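J.: First the structure, which I've put down as structure tokens, then a few questions once you've had a look.
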Amino acid sequence: GNSVTQMEGPVTLSEEAFLTINCTYTATGYPSLFWYVQYPGEGLQLLLKATKADDKGSNKGFEATYRKETTSFHLEKGSVQVSDSAVYFCALSKEYGNKLVFGAGTILRVKS
Amino acid sequence: DAGVIQSPRHEVTEMGQEVTLRCKPISGHNSLFWYRQTMMRGLELLIYFNNNVPIDDSGMPEDRFSAKMPNASFSTLKIQPSEPRDSAVYFCASTAGLHNEQFFGPGTRLTVL
């Protein structure tokens with residue numbers, strides 16, 4: 001079946017450090033891939049997405065590239081801020097109108 | 113657009129009581145999802161609807177849980193009777209289906225004493 005595996009957290013970084021959160025997936029065909037972010041006390045928000053191989057999604061300084069050869073969609077940011085502290089979820093979707101399959105989430109803590 | 117609206121935002125009830133959570137999806141969206149989030153189990157999909165019809169309810173934990181979507185602008189998730197282990201944050205999300213980008217509501221924090 002379809003599944004998403006994320007690196008375990010929490011990930012603790014100092015402000016301005018480089019961030020990578022690993023995400024790999026298992027799915028047949030060509031799923032759409034997403035990163036969602038959840039700030040404390042809030043619902044999930046879409047951060048970025050990619051719908052086909054080699055696409056790069058980007059938003060708010062975050063980037064992720066859809067790598068079909070390695071079935072990965074790693075999230076990166078060159079310089080994190082304290083305000084980036086949140087839980088990050090990687091997800092995939094196989095079919096139009098179908099449900100999302102989420103990873104377990106990775107807690108990011110950024111210290112000033 | 114106001115986004116996905118959920119009510120109440122917080123609910124505290126006693127074991128055995130009926131709890132009803134409400135969701136108004138974004139206008140024009142044709143799919144609606146109910147999730148539960150806990151520290152122990154993370155984010156779980158309970159049920160989802162497409163065009164007001166339940167498509168997959170395999171995540172509904174027990175018969176105590178039920179969900180309805182009487183029209184395109186309203187859905188309810190009911191727990192009867194509630195138990196302490198139902199304490200969680202319940203999220204509703206909706207999508208127009210294009211690439212399945214889901215929009216989440218702010219959640220309802222349920223505490224069952």
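Chains as they are written, first to last, in my numbering: chain A, 1 to 112; chain B, 113 to 225. Ideal Cβ placement from N, Cα and C applies to all residues, glycine included. The structure displayed is predicted, hence computed values, not measured ones.
With DSSP collapsed to three states, give me the class of residue 83/B.
T.: Chain B is shown only over 113 to 225; residue 83/B falls outside these bounds and no answer can be derived.
J.: Applying the criterion that 16 or more other CB atoms from any shown protein chain within 10 Å of the CB defines a buried residue, is residue 202/B buried or exposed?
T.: For the purposes of this step, residue 202/B is taken as residue 90 along the second sequence, with counting starting at 1. Answer is buried; the Cβ neighbour count reaches 16.
J.: Short check: CB of residue 88/A to CB of residue 4/A, under 7 Å?
T.: Here residue 88/A refers to the residue found at position 88 when the first sequence is read from its first residue. Here residue 4/A refers to the residue found at position 4 when the first sequence is read from its first residue. Not a contact, by the Cβ cut-off of 7 Å.
J.: When you compare each of 127/B, 179/B, 189/B and 114/B to residue 197/B by their alpha carbons, which one comes out closest?
T.: Mapped onto the second sequence, residue 197/B falls at position 85. Comparing Cα positions, the closest option is 127/B.
J.: Suppose you measure from the CA of residue 106/A to the CA of residue 57/A; what does that come to, to the nearest Å?
T.: Counting from 1 along the first sequence, the entry for residue 106/A is found at position 106. Counting from 1 along the first sequence, the entry for residue 57/A is found at position 57. Looking at the two C-alpha atoms, the distance is approximately 19 Å.
J.: Give the residues from the region 27-42 of chain A that approach chain B closer than 9 Å (Cβ to any Cβ), ordered along the chain.
T.: Hits within the stretch, in order: 32, 34, 36, 38, 41 and 42.
J.: Just mark residue 121/B as buried or exposed, buried being the case when its beta carbon has 16 or more other beta carbons within 10 Å.
T.: Residue numbering aside, residue 121/B sits at position 9 when the second sequence is read from its first letter. Counting Cβ neighbours within 10 Å, residue 121/B comes out exposed, since fewer than 16 surround it.
J.: From residue 34/A to residue 94/A, what distance separates their C-alpha atoms?
T.: Locating residue 34/A in the first sequence gives position 34, where the first residue counts as 1. Locating residue 94/A in the first sequence gives position 94, where the first residue counts as 1. For residue 34/A and residue 94/A, the distance between alpha carbons rounds to 12 Å.
J.: Any idea if residue 172/B is buried or exposed, counting beta-carbon neighbours within 10 angstroms, 16 or more meaning buried?
T.: In the second sequence, the residue the question calls residue 172/B occupies position 60. When all chains shown are included, residue 172/B counts as buried.
J.: Between the region 38-51 of chain A and the region 8-20 of chain A, can you find at least three pairs of beta-carbon atoms closer than 8 Å?
T.: Because the criterion of three Cβ pairs below 8 Å is not met, the region 8-20 of chain A and the region 38-51 of chain A do not touch.
J.: Which partner residues of residue 123/A appear in the DSSP bridge assignment?
T.: Since the first and last residues shown for chain A are 1 and 112, residue 123/A lies out of range.
J.: What residue does the beta strand (DSSP E) around residue 31/A start on, and which one ends it?
T.: The residue you call residue 31/A lines up with position 31 of the first sequence. Element bounds for residue 31/A: n/a, residue is neither H nor E.
J.: Using a C-beta cutoff of 7 Å, does residue 19/A count as contacting chain B?
T.: For this step, residue 19/A is matched to residue 19 along the first sequence. Output row for residue 19/A: interface = no.
J.: Which class does residue 84/A belong to by DSSP, given the choice of helix, strand or coil?
T.: As a position in the first sequence, residue 84/A is number 84, starting the count at 1. Three-state DSSP puts residue 84/A in a helix.
J.: If you check the beta carbons only, do residue 216/B and residue 208/B fall under 7 Å apart?
T.: Position 104 of the second sequence, counted from the first residue, corresponds to residue 216/B. Position 96 of the second sequence, counted from the first residue, corresponds to residue 208/B. Contact: no.
J.: I'd like to know if residue 213/B contacts chain A, where contact means its C-beta is closer than 7 Å to some C-beta of that chain.
T.: Translated into the one-based positions of the second sequence, residue 213/B becomes position 101. Interface residue, yes.
J.: Counting only C-beta atoms, is residue 50/A closer than 7 Å to chain B at any point?
T.: Your numbering for residue 50/A matches position 50 in the first sequence. Taking Cβ atoms only, chain B never reaches closer than 7 Å to residue 50/A, which makes this a no.
J.: Note down the Cα distance separating residue 141/B from residue 214/B, rounded to an integer number of angstroms.
T.: Taking the second sequence and counting its residues from 1, one reaches residue 141/B at position 29. Taking the second sequence and counting its residues from 1, one reaches residue 214/B at position 102. Their backbone Cα atoms lie some 10 Å apart in a straight line.
J.: Would DSSP call residue 181/B helix, strand or coil?
T.: Counted from its first residue, the second sequence places residue 181/B at position 69. Reduced to three states, the DSSP call for residue 181/B is strand.
J.: In the DSSP output, what is residue 189/B paired with across the bridge?
T.: The residue given as residue 189/B occupies position 77 in the second sequence. Note: residue 189/B sits in a beta bridge opposite 133/B and 179/B.
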